[in-house]
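Colleague: Heads up: the sequence shown begins at 1 in the UniProt record's numbering, then just goes up one per residue. Beta carbons are placed, not taken as given, at the ideal position from N, Cα and C, and that holds for glycine. Being a predicted model, the structure only gives us computed values, none of them experimental.
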Amino acid sequence: VFVAAVILGKNWNTEFQLNDSKQLSAKKRQELFDLICAESSAFKIVSVSPQEIDRLNILQATMVGMQRCSAEIEPVPDYLLVDGNRYPVTNIQGQAVVKGDCLSKSIAAASILAKVSRDRKMVEFGEKYPQWGFERHMGYPTRQHREAIAEHGLSPIHRRSFRLKPVQTNLL
1 VFVAAVILGK
11 NWNTEFQLND
21 SKQLSAKKRQ
31 ELFDLICAES
41 SAFKIVSVSP
51 QEIDRLNILQ
61 ATMVGMQRCS
71 AEIEPVPDYL
81 LVDGNRYPVT
91 NIQGQAVVKG
101 DCLSKSIAAA
111 SILAKVSRDR
121 KMVEFGEKYP
131 QWGFERHMGY
141 PTRQHREAIA
151 EHGLSPIHRR
161 SFRLKPVQTN
171 LL
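So, in structure tokens, the structure goes:
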């Protein structure tokens with residue numbers, strides 16, 4: 001899991017089309033990633049390891065990522081908006097916003113940083129573990145990914161808590 005926080009600042013150029021990272025092409029996400037990193041007042045990107053996800057569960061691991069971002073971003077924001085329906089335990093006042101990446105430029109910017117960072121890590125994993133093809137499916141449970149698991153078993157970076165279709169559960 002990758003989580004990001006972004007403070008866009010008062011001088012952020014509103015003509016840049018920030019939106020839900022899933023609705024943007026990989027090229028556009030990369031362009032915006034570079035722009036956000038260069039032009040935002042502050043940003044923080046953290047990852048939560050597959051082992052932590054297995055220990056906590058995906059929701060709690062995401063909340064831990066949000067807590068880490070809010071604790072580590074400098075300067076500390078006055079108010080924190082997070083995507084979703086749960087707000088992490090933090091000393092910063094704020095709120096959870098359902099579909100926040102479609103409603104808030106700062107949440108959209110954070111989703112772009114998190115998605116690009118995650119995709120970059122998947123490309124690295126693809127180089128390290130080529131038989132699983134992470135650079136092609138980006139870790140999503142596509143048919144190609146499931147077939148690679150069926151053929152090669154789980155890689156060292158696969159989450160053990162992720163549930164595959166019933167015929168494949170013997171791989172866990």
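Specify whether the segment 32-43 and the segment 126-143 touch according to this definition: at least 3 beta carbon pairs, one from each stretch, less than 8 Å apart.
Modeller: no
Colleague: Determine the direct distance from the alpha carbon of P75 to that of R86, and round the result to whole angstroms.
Modeller: 23 Å
Colleague: In three-state terms, what does DSSP make of V64?
Modeller: V64: helix per DSSP, three-state reduction.
Colleague: Name, in chain order, the residues that DSSP records as bridge partners for G9.
Modeller: For G9, which the question treats as bridged, DSSP gives no partner whatsoever.
Colleague: Got a sec, what are the start and stop residues for the beta strand (DSSP E) L113 sits in?
Modeller: Taken as a continuous stretch (DSSP letters only), L113 belongs to no beta strand (DSSP E), being part of the alpha helix (DSSP H) at 105-128.
Colleague: Please list the segments of the alpha helix (DSSP H) lying wholly inside the segment 15-72, counting only runs of 4 or more residues, in order along the chain.
Modeller: Fully enclosed alpha helix (DSSP H) runs of 4 or longer: 26-39, 50-56, 58-72.
Colleague: Taking C-beta to C-beta, are L80 and S104 nearer than 7 Å?
Modeller: The criterion of a C-beta distance shorter than 7 Å is not satisfied by L80 and S104.
Colleague: Would you give the residue range spanned by the beta strand (DSSP E) that Q95 belongs to?
Modeller: Its beta strand (DSSP E) spans residues 94-97.
Colleague: Throw me the rounded Cβ distance for the H116 and Q17 pair, which I believe falls under 8 Å.
Modeller: In the sequence as presented, His is not what sits at residue 116; that position holds Val. With 8 Å as the limit, V116 and Q17 do not qualify as a contact, their Cβ atoms being about 16 Å apart.
Colleague: I'd like the list of long-range same chain contacts for V6, defined as Cβ closer than 7 Å, with 5 residues on each side in sequence excluded.
Modeller: I36, S40, F43, S106, A109, A110, L113
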